[in-house]
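Below is one structure, written out as structure tokens; the observations come after it.
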């Protein structure tokens, strides 16, 4: 009776990868494919590589698997191969400790001993873990290389003339524009002068507004491609009902300039807690 055993010589992971990509020479393709037909471990590795290849399909020009990742998978496969038992001699008892009368379990292609199954499962888990790490590294490398995979990063606020009113409204908030006081009669409410908040800006930005009052609100961002500060101050002639927004070039913060360049200035009403354009 001839027994079938698992093949100890596993193909290298690079060969399995080339098989998945159709790059393996025809003569070697036949040998590797025959091995995969009888080796569940390598077949699972091939399936994992094909899944990874499909995942990377959306990424333009995916790089090849790094040698370090491939060598780790090769080491895991080699470890499994070293632990698999070799062919049993005809003169040697297959299982001396098995009681008489108990037949051996069925063997054949695709059927493994329970101990081998456990080891194979452990090694396969290690291989898949290393492969997953490799995929993460590939995706990160490709992303850093300028692939179309979108990367989300916080962006600075953009100040524009058409949207500055909304920006000022959000910065101030209706609750900080004025306080409502109950009158002695039922005639309604009246607004007290606008309350100030403790907001500070760099000295050169303050100088760029040509004002010395404490800002009601301030925020950094960009204006027409330049780094800038948005500074909101009470209106000079009507601080209880209006505000003035200043957009000042912030390049002065990192230079020796004494005053930032004023890029834009506009006044807004804040009646009923809602800013209204006064153009």
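Residue numbers (my numbering): 21 to 299. We treat Cβ as the ideally placed atom computed from N, Cα and C, and that holds for glycine.
**Message:** Quick check: the Cα distance between residue 301 and residue 219, rounded to an integer number of angstroms?
**Reply:** For residue 301 there is no data in the structure shown, the boundaries of the chain being 21 and 299.
**Message:** Suppose the cutoff is 7 Å on Cβ atoms and the five residues either side in sequence are ignored; what does the same chain contact list for residue 250 look like?
**Reply:** 179, 187, 238, 239, 241, 265, 267
**Asked** Between 37, 44, 74, which lies nearest to residue 63 when the distance is taken from Cα to Cα?
**Response** 37
**Asked** Since residue 192 is in the alpha helix (DSSP H), which residue starts that stretch and which ends it?
**Response** 184-192
**Asked** Do you know offhand how far residue 190's Cα is from residue 280's?
**Response** 24 Å
**Prompt:** Taking the alpha-carbon positions, what's the residue 201 to residue 263 distance?
**Reply:** Residue placement at residue 201 is poorly supported in this model, since its pLDDT is 44, which falls under 50; the coordinates still yield a value, given next. Their backbone Cα atoms lie some 21 Å apart in a straight line.
**Request:** Compare the C-beta of residue 259 with all C-beta atoms of chain D and state if any pair is closer than 9 Å.
**Result:** Annotation note: the requested chain D is absent from the structure, which comprises a single protein chain.
**Buried versus exposed call for residue 226 [16 or more other C-beta atoms within 10 Å across all chains shown]** = buried
**Reference residue 33; option with closest CA among 86, 184, 288** = 86
**Ranges of the beta strand (DSSP E) found wholly within the segment 232-298, counting only runs of at least 3** = 237-243, 246-254, 262-269, 282-289
**Prompt:** Considering only C-alpha positions, which residue in the set 290, 254, 228 is nearest to residue 277?
**Reply:** 228
**Exposed unless 16 or more other CB atoms sit within 10 angstroms - verdict on residue 39** = buried
**Message:** Could you check whether residue 275 and residue 222 sit closer than 9 Å to each other, using their CB atoms as the reference points?
**Reply:** no
**Among 52, 224, 286, the one whose alpha carbon lies nearest that of residue 31** = 52
**Prompt:** How about residue 43 and residue 65: do their beta carbons lie closer than 9 Å?
**Reply:** no
**Message:** Just to confirm my understanding: we take residue 243, look at its own chain, exclude 5 residues before and 5 after, and list those with CB closer than 7 Å. What are they?
**Reply:** 179, 267, 283, 284
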